[in-house]
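Residue numbers (this note's numbering): 11 to 328.
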C-alpha cells in the first residue's frame, strides 16, 4: 500500500501528465519484467506498483534475505511476487538477471538498488547474449505540459561525447524506439548551439552529415533535419523569425543532443522548471532496459516501465 503523500503525488502527476498516464493505463500485459537487486524500499515499492497496475508480471532477481529484510523494514507485502534467488553480490544478481533475459525469460529488465555500472556491465557482457550490432544508448520520453505531444531526447544517460558514427547509432536507436511506440514517421531535430553549420562547432558539422545520411535512407523511416538551436526546433515562431523552413520546427518527436552534458541538463531543466515527467529507457540491446534514479518519482518509474513494455510488445523488425 502507498502512504497518503505518495498516493496524492501519484494522482497529481497523472492529472498533469496525461499522455504518460494514458500509456501506464493502456499497457496491461503478461510480459515478464525482472527487477534486479531490489534491496531497498524504492525498488520494492516500484515493483509492487508495476504489479498493481498490471503493467507486467514482476520477478524480483536478488538475494531473498536482503529483499525480505527491506520489505519488512518498509512494511511491504511481497507475497504476490516471484523471487529468483541470487547470491548477495549485486554483480552476481545482475549477471543472473541478464542471463535470464538473454534466454528470453524476461522481456524487460529494470535496475534495482545496485550501481548503474554493475547493472549495465551485465547487460553489455557477451555472456548475457543481449548485445546487438547497435551501440547501446538511452532515450528519455518527456511529457511536458507546455508541449502538444510527447517529446523524446537522446542521449541523456549513456554516451558521453559521441562522434559522428556513434551518433548514427544513437539516432537509429531513437527512431526505432519511436516507431515501436507507435510513431510511424518520427520527426527528428538535431540540436546544437546554433542553427548554421560552423566548422568551429563540430556538432553542427555532424548534424549536416546526419541529415545527409538520413536523406540517403540511412535511418529508418523518419524526417531528420538540423542543425537547429533549441528555440527554433521547438517553436515555429522562432523558426519563422530566423527564416528556417522545416516540418520538424515546432513539431519534433525526437531530439538528438550533441553530448551527455547538454542532454542531461536539458531533461533535468524540463523536470524541475517546466513540470515535465520523463520516462527513460536504454535501447540498442535485444530488450528494453529501465534505469532508475533515486530522485525519480514513483510515477516516472511506472512511466518508464510502461514505455519499455510498449516497446517490447512492438519491437522494431530486424
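Don't be surprised by glycine CBs; every beta carbon is placed ideally from N, CA and C.
Checking the sheet assignment: what are the DSSP bridge partners for residue i?
i	result
residue 6	In this structure the chain extends from 11 to 328, so residue 6 is not present and cannot be described.
residue 10	Residue 10 is absent from the model: the chain starts at 11 and stops at 328.
residue 147	293
residue 273	Per DSSP, none; premise fails for residue 273.
residue 243	DSSP output for residue 243 lists no bridge partner at all.
residue 300	120
Starting from residue i, trace the beta strand (DSSP E) in both directions and tell me its first and last residue.
i	result
residue 199	197-201
residue 265	264-266
residue 234	233-238
At which residues does the alpha helix (DSSP H) containing residue i begin and terminate?
i	result
residue 224	212-225
residue 74	74-83
residue 174	174-190
residue 315	308-323
How would you call residue i, buried or exposed, if buried means at least 16 neighbouring beta carbons within 10 angstroms?
i	result
residue 21	exposed
residue 40	exposed
residue 177	buried
residue 170	exposed
residue 147	buried
residue 145	buried
residue 279	exposed
residue 182	buried
residue 262	buried
residue 60	buried
residue 28	exposed
residue 321	buried
residue 121	buried
residue 283	exposed
residue 310	buried
residue 153	buried
residue 92	exposed
residue 33	buried
residue 31	buried
residue 314	buried
residue 247	exposed
residue 213	buried
residue 36	exposed
residue 84	exposed
residue 180	buried
residue 192	exposed
residue 275	exposed
residue 165	buried
residue 62	exposed
Just checking: is the beta-carbon of residue i within a distance shorter than 8 Å of some beta-carbon in chain D?
i	result
residue 60	Structure shown: chain D not included; a single protein chain is present.
Tell me, to the nearest whole angstrom, how far the beta carbon of residue i is from that of residue j; I am working on the premise that it is less than 8 Å.
i	j	result
residue 105	residue 76	With 8 Å as the limit, residue 105 and residue 76 do not qualify as a contact, their Cβ atoms being about 17 Å apart.
residue 50	residue 80	6 Å
residue 68	residue 45	6 Å
residue 109	residue 138	6 Å
residue 195	residue 237	Not quite, the Cβ-Cβ distance comes to about 21 Å (not below 8 Å), so this is no contact.
residue 226	residue 188	Contact doesn't hold; Cβ gap of about 20 Å is too wide.
residue 124	residue 103	7 Å
residue 185	residue 318	In fact, because the Cβ distance is near 17 Å, the residues do not count as touching under 8 Å.
residue 312	residue 16	Not quite, the Cβ-Cβ distance comes to about 12 Å (not below 8 Å), so this is no contact.
residue 65	residue 86	Not quite, the Cβ-Cβ distance comes to about 18 Å (not below 8 Å), so this is no contact.
residue 207	residue 215	6 Å
residue 201	residue 239	7 Å
residue 140	residue 114	11 Å between Cβ atoms; not a contact.
residue 291	residue 299	7 Å
residue 43	residue 116	7 Å
residue 301	residue 126	6 Å
residue 142	residue 294	6 Å
| request: Just list the alpha helix (DSSP H) runs in the region 90-145, keeping only unbroken ones of 4 residues or longer that don't cross its boundaries, in chain order. | output: 100-112, 126-134
| task | May I have a chain-ordered list of the beta strand (DSSP E) segments no shorter than 3 residues that lie completely inside the region 14-52? | result | 42-46
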